[in-house]
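Structure first, then comments.
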Amino acid sequence: MKLKYYLTLFLLILITFVQAYYFGQNKVNADIEEWSTIQTMHFDIYFPQGEDEFGKLVALMSEETYYNLKEQLKFPITSRIPIIFYRSKSAFQNTNIIYPLLTEEVSGFTESLHNRVVIPFDGSYANLEELLIHELTHAYLNALERTKEEALASLYSSYIPFWFSEGLPEYFSTQGKKDYNNMFILDMVINDQLPYIENTSGYYAYRLGESFLTFIADTYGSDKLMEYFFALRSTSGIDFATKKVFGLDFKELESRWRFQLKREYLSLIDTYDLPSISLEQRTDSKKDGSYFNFMPRFSPQGDKYVYFSSAGARYSVWMGGLHGLSAPERIIKGEVSGKMEEFYYFRSSLSWFPDNTRIAFSAKSSDGDCIYIVNTSNKKIVQTIKLKDFDAIYELDVAPDGKNIVFAGQDDMQCDLYLYNLETKELRQLTDDYYNDLQPRFSPDGKSIIFASDRSLKEPEFPKRLFSHLNQNVFQLNLNDKICTQLTFETNDCNYPFLDASGTKLYFVNSVDGVSNLFMLNLDPAQKAKVTNVLAGVYSADISPNGKQIVLSNYFQGAWNIYYTELLPETQNFISYTPPQLFELKNDLMETVDLSRLNYYGKRPRRPSMQKDPLAEFIRQNEEMDSPLHIEYNPSDSLGLYRNISYDDKPTTIATIPEIKPYKTKFSLDTLWGGLAYSSYAGTVGYLELSLSDIMGNHGIGINLSAAGKLKDSNLLISYLYLKQRMDYGIGLFNLNDEIYIQESFPGPQNDLYIRYKQRQTGLYLLLRYPFSRFTRIELENMFYQQGDYLSYWDWNDGDWSAEEHLGNDMVLSPAVNLVHDNALYGSTGPLSGWRFYYSIGTSLRDGNLDYLTNYLDWRNYILFSKRYSLAMRCITGISVGDYPQRFTLGGYYGIRAYDGNLSGEKKAVFCTELRFPFFENINIAFPLPLNIPNVRGSLFAEIGTVFDDFDKFQATYDGKLKDLYLGYGFGPRINLGIFILSLDITWLTDLSYISKPTYFLSLSEDF
């Protein structure tokens, strides 16, 4: 059994650092993607096969982005950067390039081992360019650090704060001009919740870092950003680097930034209301623990509304009443099964059917995106619509007569509008271009579609970019003649438009003064008025059928909540507006980009071989100082190196035209480590571990060698893992040796008998793993090997072991089947919600005879009954039969923690219940070292269980006391230290009449 787990572990270690055991969610590669590649001057571009125009576009975009970044980063890169573009967010989330399962919050990533940039396409080319700039900044900086070995070595002690490493790419991609990003800063300042930047982590580090670096660029000039970056890399602390660049210590620089934010944002209090003044709050994120409350939609009768919410830790569909007299109720729980694995948090929408009972929405499933129709009365799915060939299905709307559904669908690297007839099952494409068409809504008469689109153009915000001229406004598409009319003419993006019941008033969300609110537009005559005037940002809204009430989603105090208000026309101030205009598409988006410019960026020699690397030379000069603390950082000196890097100037002539080629699997080294020694007893001994994978992570090869003298006495394991298809395949070849030494003592000198028992196993291991969904899979394992047993004795006369006596060979077949389910949702120290299930049945046949047949079950359930409180339960059972049954232990992580003995048995049953709660919000230590430990969790648990061999002899209690049953209980803190969870349990064992002394169980593992 140990051999099987060892082999399984080594197969999986090619793609992950496996925790003990067998749970975890799945990546479902429902569609097999084939790839093409283009090599440019600096990049190896990978994109879906057949999308050649897209491939050329992103290749050009990557090179143009490189030279835009180089103006700031100054130094050229000397290593090639792979960039992988996925056709959709779902395909991206199932990438094998990194093992962790990605969620909707992850927009893209830069993998550090091979410096791979990985980006999904979401239908918007403007978003794609912005995301590429962010991730390419990471890769660019990584490439600079890897320019020379000596440069890399000098950087291990450098200090780049997380807020800087993420804030800089954010600044380069948005220049601090994105209202959505600034909304989070506005909210913190208005509510006096702005943290000190060094105490931030996670998403807020992105926002605060971007804001801080924007302040530096606006105040001191953008060149100071890179001076600051190189100073941080070359010195030993943030205060020293700040002093060198700005002549200030870091606290003073930060205080100036904080003051500037107050000066900029607090003035808005005179212009805008707090939500609590003019709106009625219907959801309370502080009480229910939600963060998202999105997309409210009134029912046709106006007596209720539905919305998305993450209350209860799952993004689900909820329903509230018009007057808010009763608590909202959950209609459909999401993210717990393969039917609704996940929603598009910012792109999914809800719509009612005219019967006032059914609703429709889209969601990701294990086999692609689907449209679901749900009965809100019985909370059941009544229809599932699976449309083939769509990479994503976003916002949708049901026609007023309930016969059609319009939706934004992504396919063939573009996002268009589609009309689906529920009766005839006919699918009709309404738009067909590369502009991003989204958020469709039917007009009240059902004859036209209101939608947002970036097909209206403006003066480029960033002239050197390809798509900064795109501007999102509101359009109306007539379904009969397909005439398109532009309704809004804003310079800031308009979102979530809809008409009132009369069809004469258009509502949409737009940003003024950096604050998004709901606006209303009279179409005839054209007049505009602001409907809401609140902080910090309205996201989406809807109006009741009678036109008197509005529900909306607004961000304030660190979360989105649902608000309600009565519409008061007499308070609206109208201004004249541009009347609607017929819109004629003159050029498709691709026609606005000159793809022939890509020809200038063909792969060419990077630099003359005698050319010194300017970055490495710059760092080497600094290393000649006595100490990093005494580096004389002189930007003018370092900038003087630029004169020698003309080989990387932006090309003005065509050398080699980039060609599109099919992707071919090429392996690269992931890990290589080991050691070698010589022993007079064993000869040459050593250890080698080697792993390789391809650029897509679909193939993995591992070699593990532990050499000890002769090859037959060495441990060798060669494995291969194939992850491209839905089913994962693994195979391993092994030769493993295990030795046991036995001593028998007899009177007299040199009379002790030493016996060495050796077991050698040589064979084949196979693994098949098939995911039914993100949460459920089946695994088939099989091991076939020859086992040889050898015996030798210590010869006192020769001072060596005697020749090995071969006791015989056995042929062993050991198959197993495992069924795994895991939809657990994690907190900082372990699961808090959901359930897990693992069932395994395995056997071992030795020369046709049954060694053992083992059944093993591990079931775990987690109930999040309050915002930060959870009840966890675990039941483990096992039984093994045969000539040599396996034995289960009672103590430890998978048993009774209070039991520290060695009891084992062929049968096992353990039940545990555990209360998980917040223990300490913060532990602040001042002496001897200042230390802050936040979010210390606690657990209070009780466990009862047993192991035994014979049912007939099992006796649970005797004379009022526990006999073969063991009961333990305890409590303890848990601290997430980033790379592991530190847990301390203080436990007691009792037989109901006696309580033991406390024992202490220290572990580095998460809660079960």
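First residue of the sequence shown: 193, per the numbering used here; consecutive thereafter.
The C-beta atom is built at its ideal place from N, Cα and C for all residues, glycine as well.
Notebook entry, point to check: Tell me, which residues are paired with LYS697 by DSSP?
Noted result: In the sequence shown, the residue the question calls residue 697 occupies position 505. Beta-bridge pairing links LYS697 to ASN714.
So for VAL1073, helix, strand or coil by DSSP? For the purposes of this step, residue 1073 is taken as residue 881 along the sequence shown, with counting starting at 1. It is a strand residue.
If you scan the segment 1051 to 1109 from start to end, which runs of the beta strand (DSSP E) of 3 or more residues do you find wholly inside it? 1062 to 1073
Note to self: Going by DSSP in three states, LYS174 sits in which element: helix, strand or coil?
What the structure shows: What the structure shows of the chain is the stretch from 193 to 1200, and residue 174 is not part of that stretch, so it cannot be assessed.
Measure the CB-CB distance between SER543 and ASP589 and report whether it falls below 7 angstroms. As a first step, residue 543 must be located in the sequence shown, where it is residue number 351. As a first step, residue 589 must be located in the sequence shown, where it is residue number 397. Result yes, Cβ atoms of SER543 and ASP589 sit closer than 7 angstroms.
TODO: List the endpoints of the continuous alpha helix (DSSP H) containing PRO173.
DONE: In the structure as shown, the chain starts at 193 and stops at 1200, and residue 173 therefore has no counterpart that could be examined.
- Query: In the DSSP assignment, what residue or residues form a beta bridge with PHE239?
  - Reply: In the sequence shown, counting from the first residue as 1, residue 239 sits at position 47. DSSP lists SER228 as partners of PHE239.
Next on the checklist: Taking 6 angstroms as the limit between beta carbons, can you name the residues of its chain near GLY594, skipping five residues before and five after?
Outcome noted: Looking up residue 594 in the sequence shown gives position 402. PHE545 and PRO546.
Given that a residue counts as buried once 16 or more other Cβ atoms are within 10 Å of its Cβ, and exposed if not, what is ARG796?
-> Residue numbering aside, residue 796 sits at position 604 when the sequence shown is read from its first letter. Under this definition ARG796 is an exposed residue.
Quick check: the segment 705 to 713 against the segment 722 to 733, are at least 3 beta-carbon pairs closer than 8 angstroms? yes
Decide if GLU256 is buried, meaning its Cβ has at least 16 other Cβ atoms within 10 Å, or exposed. Here residue 256 refers to the residue found at position 64 of the sequence shown. By the neighbour-count rule (16 or more Cβ atoms within 10 Å), GLU256 is buried.
Report all residues from its chain with a CB closer than 6 angstroms to the CB of ASP244; omit the five preceding and five following residues, and keep chain order. On the sequence shown, residue 244 is found 52 positions in, with the first residue counted as 1. ILE852.
Item to complete: Within its chain, find whatever has a CB closer than 6 angstroms to the CB of GLY889; leave out the 5 residues flanking it on each side and keep chain order.
Response: If you number the sequence shown from 1, residue 889 lands on position 697. Same-chain partners within the cutoff: ASN288 and ILE289.
From the DSSP output, which residues share a beta bridge with PRO1165? Indexing the sequence shown from 1 puts residue 1165 at position 973. BP columns for PRO1165 point to GLY1130.
Next item on the list: Take LEU1184 and list the residues in its own chain whose beta-carbon comes closer than 6 angstroms to its own, dropping the five residues that flank it on each side.
Entry: On the sequence shown, residue 1184 is found 992 positions in, with the first residue counted as 1. Excluding positions up to five away in sequence, the list reads LYS1153 and LEU1154.
Give me whichever residues DSSP pairs with ILE290 in a beta bridge.
-> As a first step, residue 290 is located in the sequence shown; it is residue number 98 there, counting from the start. None; ILE290 has no bridge partner.
### Query
According to DSSP, what are the bridge partners of ILE573?
As a first step, residue 573 is located in the sequence shown; it is residue number 381 there, counting from the start. ILE573 is bridged to VAL566.
When DSSP labels each residue in this structure, what does PRO1007 get in the three-state scheme? Looking up residue 1007 in the sequence shown gives position 815. In the structure shown, PRO1007 sits in a strand (DSSP, three-state: E or B).
> In its own chain, which residues sit with a C-beta less than 6 angstroms from the C-beta of GLU362, not counting the 5 before and 5 after it?
Replying inline: Here residue 362 corresponds to residue number 170 of the sequence shown, with the count starting at 1. Counting only Cβ-Cβ distances below 6 angstroms, and skipping sequence neighbours, we find TYR398 and GLU402.
message = Just verifying my parser: in three-state terms, what is the DSSP assignment at PRO467?
response = Here residue 467 is taken as the residue at index 275 of the sequence shown, counted from 1. Looking at PRO467 - three-state DSSP - the assignment turns out to be helix.
Where LEU1132 and PRO1120 are concerned, what is the direct C-alpha to C-alpha distance, given to the nearest angstrom? As a working note, residue 1132 is residue 940 in the sequence shown. As a working note, residue 1120 is residue 928 in the sequence shown. Their Cα atoms are separated by approximately 31 angstroms.
- Return helix, strand or coil for MET888, following the three-state DSSP convention. By 1-based counting over the sequence shown, the position of residue 888 is 696. Coil at MET888, not helix or strand.
### Query
Where does the unbroken beta strand (DSSP E) through PHE976 begin, and where does it stop?
Along the sequence shown, one-based indexing puts residue 976 at 784. Its beta strand (DSSP E) spans residues 968 to 987.
| request: For GLU533, count neighbouring C-beta atoms within 10 Å of its own C-beta (all shown protein chains included) and say buried if the count is 16 or more, exposed if not. | output: The residue given as residue 533 occupies position 341 in the sequence shown. That one is buried.
(Q) Using only the alpha-carbon positions, how far apart do GLY429 and GLU1113 sit? (A) Counting from 1 along the sequence shown, the entry for residue 429 is found at position 237. Counting from 1 along the sequence shown, the entry for residue 1113 is found at position 921. Whole-angstrom Cα-Cα distance: 28 angstroms.
Check: What are the start and end residues of the beta strand (DSSP E) that includes SER403?
Finding: Residue numbering aside, residue 403 sits at position 211 when the sequence shown is read from its first letter. Element bounds for SER403: not the beta strand (DSSP E) but the alpha helix (DSSP H), 395 to 412.
*So what's LEU1123 in DSSP terms, helix, strand or just coil?*
As a first step, residue 1123 must be located in the sequence shown, where it is residue number 931. In the structure shown, LEU1123 sits in a strand (DSSP, three-state: E or B).
Where do the N-terminal and C-terminal ends of the beta strand (DSSP E) with LEU609 fall, by residue?
Within the sequence shown, numbered from 1, the residue matching residue 609 stands at position 417. Note, LEU609: beta strand (DSSP E), 606 to 613.
* To do: May I have a chain-ordered list of the alpha helix (DSSP H) segments no shorter than 4 residues that lie completely inside the segment 246 to 294?
  => 281 to 285
| With distances taken from CA atoms, which of HIS306, TYR1186, ASN596 and ASP637 is nearest GLU618? | Working through the sequence shown from its first residue, we reach residue 618 at position 426. With distances taken between Cα atoms, GLU618 lies closest to ASN596.
* Asked: Could you give the residue range of the beta strand (DSSP E) that holds LYS496?
  -> Here residue 496 is taken as the residue at index 304 of the sequence shown, counted from 1. Segment 496 to 501, the beta strand (DSSP E) holding LYS496.
Give me, in chain order, the residues of the same chain whose beta-carbon lies closer than 8 angstroms to that of ALA995; leave out the 5 immediate sequence neighbours on both sides. Position 803 of the sequence shown, counted from the first residue, corresponds to residue 995. Result list for ALA995: SER984, in chain order.
Compute the distance between the beta-carbons of ARG1108 and ASN221, then report whether it is under 7 angstroms.
Numbered from its first residue, the sequence shown carries residue 1108 at position 916. Numbered from its first residue, the sequence shown carries residue 221 at position 29. Taking 7 angstroms as the Cβ cut-off, ARG1108 and ASN221 do not qualify as a contacting pair.
Check: For LEU1033, which residues from the same chain have a beta carbon less than 6 angstroms from its beta carbon, with the 5 sequence-adjacent residues on both sides left out?
Finding: By one-based count along the sequence shown, residue 1033 stands at place 841. The sequence as given places Ile at residue 1033; Leu does not occur at that position. Closer than 6 angstroms at Cβ, skipping near neighbours: VAL1009 and ASN1047.
- For ARG522, which option in GLN493, LYS572 and LYS639 has the closest C-alpha, if you only look at C-alpha atoms? Translated into the one-based positions of the sequence shown, residue 522 becomes position 330. The shortest C-alpha separation from ARG522 is found at LYS572.
Where do the N-terminal and C-terminal ends of the alpha helix (DSSP H) with MET511 fall, by residue? On the sequence shown, position 319 is the one that residue 511 refers to. MET511 -> not in any alpha helix (DSSP H); beta strand (DSSP E) instead, spanning 508 to 513.
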